[in-house]
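Participant: Position in the sequence shown (first residue = 1) + 16 = the working numbering. Each residue gets a CB set at the ideal place from its N, CA and C atoms; glycine is no exception.
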Amino acid sequence: WNISVHTVEPTLYKTSITNVENLQKSLEHGWDESPVEVRCSYGSEYLEDFKVTVNSHMSRAKPEEKIKEVIADMVDAVAGVEPQPQYVPSVQTQIRCRLLSTLPLDIRDNFLLKGQPSTPPAFIAARKRSLADPRKKSRMNRHFSV
Numbered sequence: 017w018n019i020s021v022h023t024v025e026p027t028l029y030k031t032s033i034t035n036v037e038n039l040q041k042s043l044e045h046g047w048d049e050s051p052v053e054v055r056c057s058y059g060s061e062y063l064e065d066f067k068v069t070v071n072s073h074m075s076r077a078k079p080e081e082k083i084k085e086v087i088a089d090m091v092d093a094v095a096g097v098e099p100q101p102q103y104v105p106s107v108q109t110q111i112r113c114r115l116l117s118t119l120p121l122d123i124r125d126n127f128l129l130k131g132q133p134s135t136p137p138a139f140i141a142a143r144k145r146s147l148a149d150p151r152k153k154s155r156m157n158r159h160f161s162v
């Protein structure tokens, strides 16, 4: 069949899909439609923090007119004479991806987790409290002599 596969990996661009008001409405709708157990597991604080995180990410989206770089890569992938197996539109994004790929996995994970909501889901916060040291905080100081 002689079919080749090519990926185009754009990052975040300001489009109607990434419109903050639409995203907020979708989040609210998803929250309202989710089962009570799910809402209790995450908690309303997590939802509010998640909204703030989404707004923060959307504020860094590339302007709508930059979407042309994605379209150019898609056209080259489909109709180009020698298409690349992978396209990452924007030189800035290519550099960022290369730098991230050189980091050790644990450092990369920590870096990427900084973009997550700072409020843990309610069930994690409750679990941490239940796993805390149950002993009273004033503990006996032990002194050793040599």
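Going by CA-CA distance only, name the one from 135, 92 and 26 that's closest to residue 67.
Facilitator: Considering only alpha carbons, the answer is 135.
Participant: What did DSSP end up calling residue 130 once you bin it into helix, strand or coil?
Facilitator: In this structure, residue 130 counts as coil in the three-state DSSP scheme.
Participant: In the DSSP assignment, what are the bridge partners of residue 78?
Facilitator: Answer is 29.
Participant: Taking residue 96 as part of the alpha helix (DSSP H), name the residues at either end of that continuous run.
Facilitator: Segment: none, residue 96 is in no alpha helix (DSSP H) and carries neither H nor E.
Participant: What would DSSP say about residue 166, mapped onto helix, strand or coil?
Facilitator: Because residue 166 is not part of the residues shown, which for the chain are 17 to 162, the question remains open.
Participant: Between the C-alpha atoms of residue 71 and residue 36, what's the straight-line distance to the nearest angstrom?
Facilitator: One C-alpha to the other measures close to 7 Å.
Participant: Please check if any C-beta of chain B sits within less than 8 Å of the C-beta of residue 142.
Facilitator: The structure shown has no chain B; it contains just one protein chain.
Participant: Just to confirm my understanding: we take residue 59, look at its own chain, exclude 5 residues before and 5 after, and list those with CB closer than 7 Å. What are they?
Facilitator: Counting only Cβ-Cβ distances below 7 Å, and skipping sequence neighbours, we find 137 and 138.
Participant: Leaving aside the five residues before and after residue 126 along the sequence, list all residues of the same chain whose C-beta is less than 6 Å from its C-beta, in chain order.
Facilitator: So the list is empty, once near-sequence residues are dropped.
Participant: To the nearest angstrom, how far is it from the Cα of residue 114 to the Cα of residue 73?
Facilitator: Spanning the two alpha carbons is a distance of roughly 21 Å.
Participant: Determine which residues share a DSSP beta bridge with residue 103 and list them.
Facilitator: Beta-bridge pairing links residue 103 to 24.
Participant: Take residue 85 and list the residues in its own chain whose beta-carbon comes closer than 7 Å to its own, dropping the five residues that flank it on each side.
Facilitator: 105 and 106, listed in sequence order.
Participant: Can residue 24 and residue 95 be called in contact, C-beta distance under 8 Å?
Facilitator: No.
Participant: Between 30, 100, 112 and 90, which lies nearest to residue 78 when the distance is taken from Cα to Cα?
Facilitator: Nearest of 30, 100, 112 and 90 to residue 78, Cα basis: 30.
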